[in-house]
Structure formats: structure tokens, C-alpha cells
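Engineer: Below is a structure I'd like to ask you about.
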Amino acid sequence: MSLLNDLTADMVSAMKNRDKETLVTVRMLKAAVQNEQIEQGHDLTPDEEVAVMAREYKQRKESLEEFEQAGRQDLVDKTKAEMKVVEKYMPQQLSAADVKKIVDETIKAVNASSMKDFGKVMGAVMPKVKGQADGKLVNQTVKEELNK
9 MSLLNDLTAD
19 MVSAMKNRDK
29 ETLVTVRMLK
39 AAVQNEQIEQ
49 GHDLTPDEEV
59 AVMAREYKQR
69 KESLEEFEQA
79 GRQDLVDKTK
89 AEMKVVEKYM
99 PQQLSAADVK
109 KIVDETIKAV
119 NASSMKDFGK
129 VMGAVMPKVK
139 GQADGKLVNQ
149 TVKEELNK
């Protein structure tokens with residue numbers, strides 16, 4: 009419930025400061041959280057709130073890649089600004105070195121030795137880094153470590 013309170017406070021602040029770009033993004037985030045709450049039928053847990061923010065961030069990241077490929081600089085700039093607002097509500101992201109360390113520890117823990125164990129390793133790593141690391145980075149790191 010604290011995320012909704014933060015979003016509401018930031019929405020009011022953006023309105024007072026006449027910050028239209030931030031206001032639009034915060035409203036979208038608040039709507040996403042409220043829709044998830046309605047869908048779940050209960051107040052969201054902190055993990056569920058992080059999942060919603062991660063989903064919103066991922067959508068913007070994918071859109072950014074598409075806009076860059078299409079050469080739409082106006083939309084690239086807008087999407088980057090939205091991503092900065094979303095990042096404010098997400099937990100601190102792990103560095104590539106931290107992800108590699110977690111992957112190495114997990115590979116040892118599950119006794120993985122080849123790419124056949126990829127699913128087992130990913131299944132064990134993802135809950136540890138949920139909301140703190142991009143799935144593509146984790147996937148790539150696991151592949152690199154298993155191919156050594």
C-alpha cells in the first residue's frame with residue numbers, strides 16, 4: 009500500500025509543479041498498480057508491487073528499442089523520461105558483476121554442469137534477483153557461465 013501512497017504524493021507534487029511529463033507517467037503507474045490490485049482482489053504485497061513496476065519498466069524498455077530502430081527520436085526521448093520516473097519506484101538494480109556472482113553460487117548449489125541444466129539454474133536464480141535484475145542479463149549470464 010505504501011507504493012500507492014508514494015505515487016499519489018508524487019502525483020500531487022507533479023501537479024503543483026506543473027510537471028506534465030512526470031504527472032502523465034505517475035498516473036499510468038498508479039493506474040497499473042490499482043488495476044493489479046483489482047485483479048488480485050487484495051492490497052498488493054511489496055513483491056507484487058515490485059513486479060508491477062518491473063513489468064512497466066520492461067514495457068518501456070522494449071518500446072524504446074523499437075522507437076530507436078524506427079528512428080523516432082521524439083518518442084525515444086519521451087520513453088527515456090518515463091523510464092527515469094519508473095526507476096524511482098523500483099528497488100536498486102544489481103550490477104552485472106553481482107548477477108554473475110549470484111549465478112555462479114547458484115550453479116554450484118544446484119550442481120549444474122552443462123546447458124542441459126539451464127532451466128534448473130534459471131529457476132533457482134530468478135527468485136533471488138526478482139525485480140533487481142533484467143531477465144535478459146540473467147539469461148545471458150547463465151548461458152555464459154554454463155558454456156565455460
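Numbering (this note's numbering), first residue to last: 9 to 156.
For every residue, glycine included, the Cβ atom is placed at its ideal position computed from N, Cα and C.
My output table needs one value for Thr16: the three-state DSSP class, helix, strand or coil.
Structural biologist: Counting from 1 along the sequence shown, the entry for residue 16 is found at position 8. Thr16 falls in the helix class under three-state DSSP.
Engineer: Measuring CA to CA, which of Leu31, Val133 and Lys92 is closest to Asp112?
Structural biologist: Against the sequence shown, residue 112 aligns to sequence position 104. The shortest C-alpha separation from Asp112 is found at Val133.
Engineer: Measure the C-alpha to C-alpha separation of Lys136 and Thr16 and round it to an integer number of angstroms.
Structural biologist: Here residue 136 corresponds to residue number 128 of the sequence shown, with the count starting at 1. Here residue 16 corresponds to residue number 8 of the sequence shown, with the count starting at 1. Going by the C-alpha atoms only, they are around 30 Å apart.
Engineer: Since Leu12 and Ala22 should fall inside the 8 Å C-beta cutoff, what is the C-beta to C-beta distance between them, to a whole number of angstroms?
Structural biologist: As a position in the sequence shown, residue 12 is number 4, starting the count at 1. As a position in the sequence shown, residue 22 is number 14, starting the count at 1. That belief does not hold up - the Cβ atoms of Leu12 and Ala22 are roughly 15 Å apart, past 8 Å.
Engineer: What residue ranges within the segment 41-110 form continuous alpha helix (DSSP H) runs of no fewer than 4 residues, ordered along the chain?
Structural biologist: Correct list: 54-78 and 81-95.
Engineer: Counting contacts by CB-CB distance shorter than 7 Å, is Lys96 in contact with chain B?
Structural biologist: Note that chain B does not occur in the displayed structure, where there is just one protein chain.
Engineer: Which of the three DSSP states, helix, strand or coil, is assigned to Ser10?
Structural biologist: To locate residue 10, count along the sequence shown from 1; it is residue 2. In this structure, Ser10 counts as helix in the three-state DSSP scheme.
Engineer: Less than 7 Å separating the beta-carbons of Val93 and Val146?
Structural biologist: Numbered from 1 along the sequence shown, position 85 holds the residue referred to as residue 93. Numbered from 1 along the sequence shown, position 138 holds the residue referred to as residue 146. No, they are not a contact pair.
Engineer: Mark Met123 as exposed unless 16 or more other C-beta atoms lie within 10 angstroms of its C-beta, in which case mark it buried.
Structural biologist: Here residue 123 is taken as the residue at index 115 of the sequence shown, counted from 1. Burial call: exposed.
Engineer: Would you grab the beta carbon distance between Ile115 and Glu70 for me? Rounded to a whole angstrom, and I think it's under 8 Å.
Structural biologist: Working through the sequence shown from its first residue, we reach residue 115 at position 107. Working through the sequence shown from its first residue, we reach residue 70 at position 62. Not quite, the Cβ-Cβ distance comes to about 28 Å (not below 8 Å), so this is no contact.
Engineer: Between the Cα of Asp55 and those of Gln81, Lys24, Asp85 and Ser10, spot the shortest distance and give me the residue it belongs to.
Structural biologist: Here residue 55 corresponds to residue number 47 of the sequence shown, with the count starting at 1. If we check each option's Cα against that of Asp55, Ser10 comes out closest.
Engineer: Do the segment 31-43 and the segment 78-97 meet, that is, are 3 or more Cβ pairs less than 8 Å apart?
Structural biologist: With the cut-off at 8 Å, the segment 31-43 and the segment 78-97 touch.
Engineer: Select from Val41, Gln81 and Asp51 the residue whose C-alpha is nearest the C-alpha of Arg63.
Structural biologist: Along the sequence shown, read from residue 1 onward, the residue named residue 63 stands at position 55. When each option's Cα is compared against that of Arg63, the closest is Val41.
Engineer: For Ala141 versus Leu102, is the C-beta spacing smaller than 7 Å?
Structural biologist: Position 133 of the sequence shown holds residue 141. Position 94 of the sequence shown holds residue 102. Yes, they are a contact pair.
Engineer: Output the distance between the C-alpha atoms of Glu29 and Asp85, rounded to the nearest integer angstrom.
Structural biologist: Position 21 of the sequence shown, counted from the start, is the residue given in the question as residue 29. Position 77 of the sequence shown, counted from the start, is the residue given in the question as residue 85. If you take the alpha carbons of Glu29 and Asp85, they lie about 11 Å apart.
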